[in-house]
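Student:
Number of protein chains: 2
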Amino acid sequence: MARTTTTRERLIRTAAELFWRQGYAATGVTAILRRAGVTSGSFYHFFSSKEDLLLAVLDATEEMLQVEIFGPAEAATEDPIERVFAVLDFYRRYLVSHRFELGCPMGGPAAELSASRPRVRARVAGLFKIWKDAVEAFLVAAGDRLPGEVDRGALAEMVLAVMEGAVIQARARRSLAPFDAAVGQLRRFFDLLEDRAGRAAEVPVSAIMERGGGAESADWRAW
Amino acid sequence: MARTTTTRERLIRTAAELFWRQGYAATGVTAILRRAGVTSGSFYHFFSSKEDLLLAVLDATEEMLQVEIFGPAEAATEDPIERVFAVLDFYRRYLVSHRFELGCPMGGPAAELSASRPRVRARVAGLFKIWKDAVEAFLVAAGDRLPGEVDRGALAEMVLAVMEGAVIQARARRSLAPFDAAVGQLRRFFDLLEDRAGRAAEVPVSAIMERGGGAESADWRAW
DNA sequence: GTCTATACCCTGATAGAC
DNA sequence: GTCTATCAGGGTATAGAC
């Protein structure tokens, strides 16, 4: 209902981008204040510490996952398996639109702070679970297109692992090649799973394949 | 030929562990000096800056990849595909033996510094390539056990992505469950690929499977 | 809620004797 | 090669007026 961005929101969004770009420890509170046009007094009115601000950023990330990623993926296609790849395509576009300078909002804090900031670690673990559950729901919706013996939760964890690993590699190489290679192999895996499920059902499978085109343009900067 | 650890080596190993645990930016030079029992003057005799030290750590990582991971994986089993999983098993044991407090020596710096430290980014990209090439070599050695149309390089990139993503998730959850889930699905993928390759060869496949037991105990701390 | 001013500490790095 | 002493700057966070 806020007609314009509040100071608190501006701090969260500014901090988010800086954290995603250069990490938490390397980002000074001063830099956040300068870029947000906010003074120290206001900052500590809303947040008790820099870590508290990061936790608020992670809270905002939870909302963002639904609004910017899973919602659009659902809107992009009815096909549950294509929805999984629409999610991955979001990260692909995110990487290029920021020229590989921003990392994953979950993976970055997870890699940097899991050992030293218990509250951050726990919060990130929660985000990973939300992400995994959302993908798992797509996989469950795929029903018997996947073999019955495949654990949908485990498969969702693998999708998440591929995404995180692909993003890290793409940023280090400044190239989509490793991302596309990894996701391409994931696609092959799904094709084989579908093939096996079809085979098991002893049905030749007709025109199941018409593979959607991926989600529309979405951007975490476009909050 | 150094009979005992030199000051330079001690700095590198001490810094490595601190960087892996708490990240680069969060690790002060002073903390490294204290734990290594070295004074500031000696440090700047060997290294021109903190970043220079990190680059030396990454150089050491390259050696370590061969000595601690790929060498042992080759020694553990003759089966090229099992060698891939022996490599992944190394990371599994690494995670538990350090109680999820240490991150991946490549993935950590990649996630934290790819955008802000060009030299680090380039060096990490080189390490990723070395890792990928080593796995690709195993996959090439697997010959026609994998379908001919499968790009061995792309498959190796996917293995790397799964490893990095699985390590990040495991650290955030402080649990092997997400790691095992992701690697378990990767195993299923390989099984399907082998099944398909066998099918294509129109050979029923006999006793190809006798799956090795994984590498011996190895530990990056045991340098 | 926002401002200015500042406390206080730790940072990476250097100087120069030994 | 290693030591002690130290610099200059930035770090997070606070105090108290408005």
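Chains A and B supply the protein sequences, listed in that same order.
Okay, so the first sequence: first residue is 1 according to the working numbering, each after it adds one.
Okay, so the second sequence: first residue is 224 according to the working numbering, each after it adds one.
We put the beta carbon where it would ideally sit given N, CA and C, even for glycine.
Since we're looking at a predicted model, the values are computed, not measured.
#1: Taking 7 Å as the limit between beta carbons, can you name the residues of its chain near E152 (chain A), skipping five residues before and five after?
#2: On a Cα-Cα basis, can you pick out the residue from B:I235, B:S337, B:A296, B:L241 that is closest to F269 (chain B)?
#3: Exposed or buried, what is A260 (chain B) when buried is set at 16 or more other beta-carbons lying within 10 Å of its beta-carbon?
#4: For the putative contact between G103 (chain A) and R171 (chain A), defined by C-beta atoms under 8 Å, what is the C-beta separation to the nearest angstrom?
#5: Return yes when the Cβ of R368 (chain B) is within less than 8 Å of the Cβ of I304 (chain B), no when it is not.
#6: Step through the CB atoms of chain B and report whether any lies within less than 8 Å of the CB of R232 (chain A).
#7: Locate the alpha helix (DSSP H) running through V135 (chain A), then write down its first and last residues.
#8: Which chain B residues are close to E239 (chain A), counting only those with a beta carbon under 8 Å from its beta carbon?
#9: So what does DSSP say about E149 (chain A), is it helix, strand or coil?
#10: What's the gap between the Cα of T228 (chain B) and the Cα of T237 (chain B)?
#11: Just confirm the distance between the C-beta atoms of A86 (chain A) and A73 (chain A), as a whole number of angstroms; I'd bet it's less than 8 Å.
#12: Whole angstroms are fine: how far does the CA of L241 (chain B) sit from the CA of F313 (chain B)?
#13: Report yes or no: do the stretch 332–341 of chain B and the stretch 392–411 of chain B share at least 3 C-beta pairs separated by less than 8 Å?
#14: Find the residues of chain B that neighbour A172 (chain A), judging by a C-beta separation of less than 7 Å, and give them in chain order.
#15: Run through chain B and tell me which residues come within less than 8 Å of R196 (chain A), C-beta to C-beta.
#16: Return the chain-ordered list of same chain residues with a C-beta closer than 7 Å to the C-beta of E324 (chain B), the five sequence neighbours on each side being excluded.
#17: Buried or exposed: where does H66 (chain A) fall if 16 or more other Cβ atoms within 10 Å of its Cβ makes it buried?
#18: What does R244 (chain B) reach in chain A if we use C-beta pairs closer than 7 Å?
#19: Straight-line CA distance for G214 (chain A) to A76 (chain A)?
#20: Give the residues of chain A in contact with A279 (chain B), contact being defined as C-beta atoms less than 8 Å apart.
#21: Give me the chain B residues within the contact set of R186 (chain A), using Cβ-Cβ distance strictly less than 8 Å, ordered along the chain.
#22: With distance defined between alpha-carbon atoms, name the residue in B:F412, B:F351, B:V390 nearest to H321 (chain B).
#23: Fully enclosed by the stretch 239–283 of chain B, which alpha helix (DSSP H) runs are 4 residues long or longer?
#24: What separation, rounded to the nearest whole angstrom, lies between the Cα atoms of D191 (chain A) and A181 (chain A)?
#25: Within the same chain, show all residues whose beta-carbon is closer than 7 Å to that of V373 (chain B), passing over the 5 residues directly before and after it, in chain order.
#26: Take the Cβ of D133 (chain A) as the centre, count every other Cβ of all protein chains shown within 10 Å, and call the residue buried at 16 or more, exposed below.
#27: According to DSSP, is S320 (chain B) helix, strand or coil?
#28: Can you list, in chain order, the residues of its chain whose CB lies under 6 Å from that of V124 (chain A), leaving out five sequence neighbours each side?
#29: Given that L378 (chain B) touches chain A, what residues does it touch there, using C-beta distances under 7 Å?
#30: Kindly indicate which residue of B:E301, B:A239, B:E285 has the alpha-carbon position closest to the one of K352 (chain B).
#31: Which residues of chain A have a Cβ atom closer than 9 Å to the Cβ of E240 (chain B), listed in chain order?
#32: Using 8 Å as the limit for Cβ to Cβ distance, is G330 (chain B) near chain A?
#33: Of the choices A:Q185, A:S49, A:I32, A:A201, whose alpha-carbon is the least far from that of L88 (chain A)?
#34: Does M106 (chain A) come out as helix, strand or coil in the three-state DSSP assignment?
#35: At a CB-CB cut-off below 7 Å, which residues of chain B make contact with E101 (chain A)?
#36: Residues in the same chain with beta-carbon distance under 6 Å from K273 (chain B), minus the five sequence neighbours each way, listed in chain order, please.
Tutor: The short version:
#1: Walking along the first sequence from the start, residue 152 (chain A) turns up at place 152. The displayed chain sequence assigns Arg, not Glu, to residue 152 (chain A). Correct list, in chain order: E136, L139, V140.
#2: Taking the second sequence and counting its residues from 1, one reaches residue 269 (chain B) at position 46. Nearest option by C-alpha distance: B:I235.
#3: Taking the second sequence and counting its residues from 1, the one referred to as residue 260 (chain B) is at position 37. The question names Ala, yet the displayed sequence has Gly at residue 260 (chain B). Exposed, because fewer than 16 other Cβ atoms sit within 10 Å of the Cβ of G260 (chain B).
#4: Along the first sequence, one-based indexing puts residue 103 (chain A) at 103. Along the first sequence, one-based indexing puts residue 171 (chain A) at 171. Rounded, the Cβ-Cβ distance is 6 Å, consistent with contact.
#5: For the purposes of this step, residue 304 (chain B) is taken as residue 81 along the second sequence, with counting starting at 1. For the purposes of this step, residue 368 (chain B) is taken as residue 145 along the second sequence, with counting starting at 1. A contact, by the Cβ cut-off of 8 Å.
#6: Look at the range of chain A in this structure, 1 to 223, and you will see that residue 232 (chain A) is not part of it.
#7: Stepping through the first sequence from its first residue, residue 135 (chain A) is reached at position 135. Unbroken alpha helix (DSSP H) run through V135 (chain A): 118–141.
#8: Residue 239 (chain A) lies beyond the residue range present for chain A, which begins at 1 and ends at 223; the question has no answer from this structure.
#9: What you label residue 149 (chain A) is simply residue 149 of the first sequence in a count that begins at 1. DSSP places E149 (chain A) in coil when its eight states are reduced to three.
#10: Looking up residue 228 (chain B) in the second sequence gives position 5. Looking up residue 237 (chain B) in the second sequence gives position 14. Answer to the nearest angstrom: the Cα atoms are 12 Å apart.
#11: Reading the first sequence from its first residue, position 86 is the one you call residue 86 (chain A). Reading the first sequence from its first residue, position 73 is the one you call residue 73 (chain A). So it is a contact: roughly 4 Å between Cβ atoms.
#12: As a position in the second sequence, residue 313 (chain B) is number 90, starting the count at 1. As a position in the second sequence, residue 241 (chain B) is number 18, starting the count at 1. For F313 (chain B) and L241 (chain B), the distance between alpha carbons rounds to 20 Å.
#13: no
#14: On the first sequence, residue 172 (chain A) is found 172 positions in, with the first residue counted as 1. Ordered by position in chain B, the residues that pass the 7 Å Cβ test against A172 (chain A) are A333, S337, R344, V347, A348, F351.
#15: The sequence position of residue 196 (chain A) within the first sequence is 196, counting from 1. Near R196 (chain A) (Cβ distances below 8 Å), the residues of chain B are L415.
#16: Here residue 324 (chain B) refers to the residue found at position 101 when the second sequence is read from its first residue. Same-chain partners within the cutoff: R244.
#17: As a first step, residue 66 (chain A) is located in the first sequence; it is residue number 66 there, counting from the start. Rather than His, the amino acid found at residue 66 (chain A) in this sequence is Gln. Under this definition Q66 (chain A) is an exposed residue.
#18: As a working mapping, residue 244 (chain B) is identified with position 21 in the second sequence. What R244 (chain B) touches in chain A: A115.
#19: Working through the first sequence from its first residue, we reach residue 214 (chain A) at position 214. Working through the first sequence from its first residue, we reach residue 76 (chain A) at position 76. Confidence in G214 (chain A) is poor, its pLDDT being 46 and thus under 50, which makes the residue's placement unreliable; the coordinate value appears in the next sentence. The alpha-carbon atoms of G214 (chain A) and A76 (chain A) are separated by roughly 6 Å.
#20: As a first step, residue 279 (chain B) must be located in the second sequence, where it is residue number 56. Neighbours of A279 (chain B) on chain A: none; closest Cβ ~18 Å, over 8 Å.
#21: Your numbering for residue 186 (chain A) matches position 186 in the first sequence. Sequence check: residue 186 (chain A) is Leu here, not Arg. Ordered by position in chain B, the residues that pass the 8 Å Cβ test against L186 (chain A) are M381.
#22: Here residue 321 (chain B) refers to the residue found at position 98 of the second sequence. Checked all of B:F412, B:F351, B:V390; the closest Cα to H321 (chain B) is B:V390.
#23: Runs of the alpha helix (DSSP H) inside the stretch 239–283 of chain B: 252–259, 263–269.
#24: As a first step, residue 191 (chain A) is located in the first sequence; it is residue number 191 there, counting from the start. As a first step, residue 181 (chain A) is located in the first sequence; it is residue number 181 there, counting from the start. If you draw a straight line from the Cα of D191 (chain A) to the Cα of A181 (chain A), it comes to about 15 Å.
#25: For the purposes of this step, residue 373 (chain B) is taken as residue 150 along the second sequence, with counting starting at 1. Cβ within range, chain order: L416.
#26: Residue mapping note: residue 133 (chain A) aligns to position 133 of the first sequence, counting from 1. Exposed, by the Cβ-count rule.
#27: Here residue 320 (chain B) refers to the residue found at position 97 when the second sequence is read from its first residue. S320 (chain B) falls in the helix class under three-state DSSP.
#28: Walking along the first sequence from the start, residue 124 (chain A) turns up at place 124. Apart from sequence neighbours up to five positions away, the residues of its chain that approach V124 (chain A) with a beta-carbon distance below 6 Å are M106, P109, A110, ordered along the chain.
#29: Taking the second sequence and counting its residues from 1, the one referred to as residue 378 (chain B) is at position 155. By Cβ distance, chain A contributes Q185.
#30: As a working mapping, residue 352 (chain B) is identified with position 129 in the second sequence. When each option's Cα is compared against that of K352 (chain B), the closest is B:E285.
#31: Position 17 of the second sequence, counting from 1, holds the residue named residue 240 (chain B). Those do not exist, as E240 (chain B) stays about 11 Å from chain A at its closest Cβ, beyond 9 Å.
#32: Here residue 330 (chain B) is taken as the residue at index 107 of the second sequence, counted from 1. Yes - at least one Cβ of chain A is within 8 Å of the one on G330 (chain B).
#33: In the first sequence, counting from the first residue as 1, residue 88 (chain A) sits at position 88. Ranking A:Q185, A:S49, A:I32, A:A201 by Cα distance to L88 (chain A) puts A:Q185 first.
#34: To locate residue 106 (chain A), count along the first sequence from 1; it is residue 106. In this structure, M106 (chain A) counts as coil in the three-state DSSP scheme.
#35: For the purposes of this step, residue 101 (chain A) is taken as residue 101 along the first sequence, with counting starting at 1. Going along chain B in sequence order, the residues near E101 (chain A) (Cβ under 7 Å) are A338.
#36: For this step, residue 273 (chain B) is matched to residue 50 along the second sequence. Around K273 (chain B): V252.
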